[in-house]
Structures are given as structure tokens and as C-alpha cells.
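Here is the structure we will look at, set down as C-alpha cells.
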Amino acid sequence: MNGQIVPFLGFPGYTNTSTSQCPEQEAIYTSTLHLPRGTNFSGNIPLTTKILCGIKHQSLGEEIRYSNVSNDVIFAVQVSKVILVDSESGTKVCYEGFPQTLKCVSSPARPVPIIQWFPQTNNATNAGTLITNITEMNTTNNDGLIVKESEITIIPKRDQIYSIHCAGNIDGQPAVNSTIVDIDVLYAPDINITVAGSDHLNMTWNVTCEASGYPTNYTFHPWRQMIGKVTIRSDLQGNHEGNSSKNTLNLNRLSLQDIGAYVCAVDNGVRGVNGVIIQTKQQFFMSKVGTPVVLHKTNVTFTGEIGSSASIYIAFYSDPAVTEFKFQRNGSNVENTSRTHMYLSTTVVEVLFYNKNVNLTVSMAHLFIKNLREDDFDDYNLVLENSLGKTDVKVQLHLS
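Spelled out as C-alpha cells, the structure:
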């Protein structure tokens, strides 16, 4: 059989060979069109090109015949660049606990590009946990090339100084890396409180508030003294030197009015994961005011009628707690009998601290006498004792 393969010339990298595999019988001819790796599409070669091979052959005694063989060739276009959007400075400022979105975009390529993310932290085992969500989108441009967009959400965490970059490629192509971006995590300050000094009456007690956040430009606000939900004082100025992270409040000549919770407030301009900018923490303080403090006048008078019952009650505050209480009459202790009964309870009374009315939980000493007799109407003394000493208050029971 006589035959020939006539290629259509003009493509880059064309080579042509003809080889007879069976010289004495059938002849087999081959023609190769070689397109070197990296051949790009151009105005003459679209992304998808049909390669047509036309064959003219004639067997002995037969007419010349023509055959065509075709195949589609799809040219690949490699990713030339990937960009982390809005990260040209090389640093991304994030806030702890607040989701941050990052977007990576590839240059036009074909087939569909692949984008991968590479977070790096000071703890390699949890690097992948920084990414909570990935969404991707493909857009085809007028040249038929595909732009890949990959968007991720990260939840920034403090003390994990890390960076992130993305990389893109098509199948079989080495990855092309974006710029490495450092993640700068800002977070509101944590507060640690320490105390020093003495909590005894007329002594000095110090409470120190130390902030730890980023950035470290702290603003300390006035301390507050609170009992329950009532603010006793809101303008207590602590000592804060320059850019120090500490603020110390000194309470001098302690008294009963100084008890309560002392609240430190500080901020560095960053909203915390709790949604507020000013962070607070409190330290509860109970002044050991010495001997028990009676919250009545020095002389307390109660009245009753013969044959009725009388209840004598005295409110007092004691820290440390009382170790003994007793009612006395004419120097002798009153005993619990079928007519007299003594006991302690707790109650809430309204007192005045720094010109603010507050409810204070205190103790109450009770003496209950039933079936009053004439000799029950007399002077009594309430004796309260704690580890720091005794308090004696005079109580009078008069016939009404």
C-alpha cells in the first residue's frame, strides 16, 4: 500500500516523521505534532484547539482515498500569581474572639485552579483549628480562563503569634505562594488583683490591680466601693505610674465604713469577648474592725407590761465573729429557762456609709422574756466578745 501523511504546517514545535514498519508488505507512516511544555494559547491558538490529521492513501489497483483523524487539544494555563486581598502591608490586625475574614484570589488559569491555606502558629498541632469556614467561587473571564477565589474565617486567639499565606496552582503545577501575612491579635486586658497590708481597724490596706492585654497602653478608671448593688464611693483614685500595668489603691485608717467590694476598671481601647471595652474585676474586703460594733445607741430602752412578753434585740457587726454573747442583770448572767430565752440570728439593717444608705447583713442578739413580772423590769447588759476583745452595751427594760 502506498500512502502519505501531509500535516498542516505552521504550529510551533512541529516535527514530521515517516517510517515504514513493514517494507515488503504494508507500510505504516506516522506524523507527530509536538507542542513543547509551556506552550501558551495565543491569537492563533485558542484554549481548545482541534488537531486534524488528513490521510491520503491508495492500494494497488484502487483509487486514491482520503481519511481525516481529529482530536481536541486543551491548552493549560498555569497560575502565575495569588494575592491575599487587603493584606499588602504584610500585617492583618484582628481582635480576639471576633471572626476575621481573609480572601485569596488566583490569577486567571485553566483548568480550575486549586487554592490552599497555610496557617502557622506557635503550636503546630492546633494551626488547622484557626480556620472555621472556607468558601470558594470560580469566575470565568472573557478569555475563558478561570479566576479562583477562596475565603476563610478565622477566630483569632491571643498568645498564638502566627502568620498565614495561601498558595495556588493547577494540577501538575508547582504551587505559587502569596505574601506571608502576620496576624496581629489585639485583646482586652485580663485583670489580676492582689492585696497587702492589714485589714484591722485603723490600719492600712492596699489593693493592686494589674492589667494584661495587647496593646499595653492602659487607661485605669477610678476605683469603686460597692455593697451589693449600691455604689458607696465611685471616685477612689489609685496610684498609677506612667505606662505601668499596675494601679494600687491605699485605704488608710480602716473603719467599718470601708467594708465592701472594691472594683478595678481598666481598658486599652479593645473590645473584649464580653462585648465591652472597660474590663472590671472586684476584690471583696471585710475590715476586722476590732471588738464587735453595736449598731444602736449606747443606751437602749425597751418596754413591756406585767404578764405579757418582751423581746429585747440588739443588732451588731463583728469581724472576726463573736465567740461569746450573754445578757447580764445586776452583774449576773441571765440563763435560758422556761421564761427566758437567748439566741443569735442574722438580719439586714440599713446603715449610713460615707453618706450612702446601704443594707448591711449583721447579727442580732435576742433576749425573750415571757410572763413578765415586776422584778423583770430592770437594767440589763449585753456582753459581746470576739478574738479581739469585748463590747458591753446597756439595755433597759421599762414598764410601759
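Each residue of the sequence shown is one higher than the one before, counting from -3 in this note's numbering.
Glycine is no exception: its CB is placed at the ideal position from the N, C-alpha and C atoms.
Partner residues in the beta bridge of His161, as assigned by DSSP, are Phe114. Residue environment analysis places Ala192 among the exposed positions, since fewer than 16 neighbouring C-beta atoms fall within 10 angstroms of its C-beta. Under the three-state reduction of DSSP, Gln279 is assigned to strand.
In this structure, Lys99 keeps its C-beta atom at 8 Å or more from the C-beta atom of Val172.
For Gly209, the enclosing beta strand (DSSP E) begins and ends at 201 to 210.
Take Asp372, set aside five residues on each side of it, and the residues of its chain with a beta-carbon closer than 7 Å to its own are Ile365, Leu393, in chain order. The beta carbon of Asp375 sits closer than 7 Å to the beta carbons of Lys390, Gln392 from its chain, once the five residues preceding and following it are set aside; these are given in chain order. About 40 Å separates the CB atoms of Asp155 and Pro104; that is not less than 8 Å, and the two are not in contact. Contact between Ser85 and Leu197 does not hold, since their C-beta atoms are separated by about 59 Å, which reaches or exceeds 8 Å. Comparing alpha carbon positions, the residue from Asn67, Phe71, Gly93 closest to Val269 is Gly93. For Ser230, the enclosing beta strand (DSSP E) has its first and last residue at 226 to 232. For Gln324, the secondary structure class from DSSP, reduced to helix, strand or coil, is strand. Between Leu250 and the set Phe216, Tyr258, Thr200, Thr212, the nearest pair of CA atoms involves Thr200. Taking all protein chains shown into account, Ser328 has fewer than 16 neighbouring C-beta atoms within 10 Å of its C-beta and is therefore exposed. CA-to-CA, the gap between Gln221 and Gly256 works out to about 6 Å.
With a cutoff of 8 Å on beta-carbon distance, His362 and Ser304 are scored as not near each other. By the CB criterion at 8 Å, Ile179 and Cys90 fall inside the cutoff. The beta-bridge partner set that DSSP reports for Ala257 consists of Met222, Phe280. Distances from the CA of Glu132 to each of Leu232, Leu126, Ile148, Asn213 were compared; the closest alpha carbon is that of Ile148. Between Gln278 and His161, the alpha-carbon positions lie close to 42 Å from each other.
Residues Ala163 of the same chain have their beta carbon placed closer than 6 Å to that of Gln112, with the five preceding and five following residues left out of the count. Apart from the 5 residues on each side of it in sequence, Thr287 sits with its Cβ closer than 7 Å to the Cβ of Asn382, Leu384, Gly385, Lys386, Thr387 in its chain, given in chain order.
Going by C-alpha positions, Asn243 is about 5 Å away from Asn235. For Asn329, the pairing in a beta bridge is given by DSSP as Gln324.
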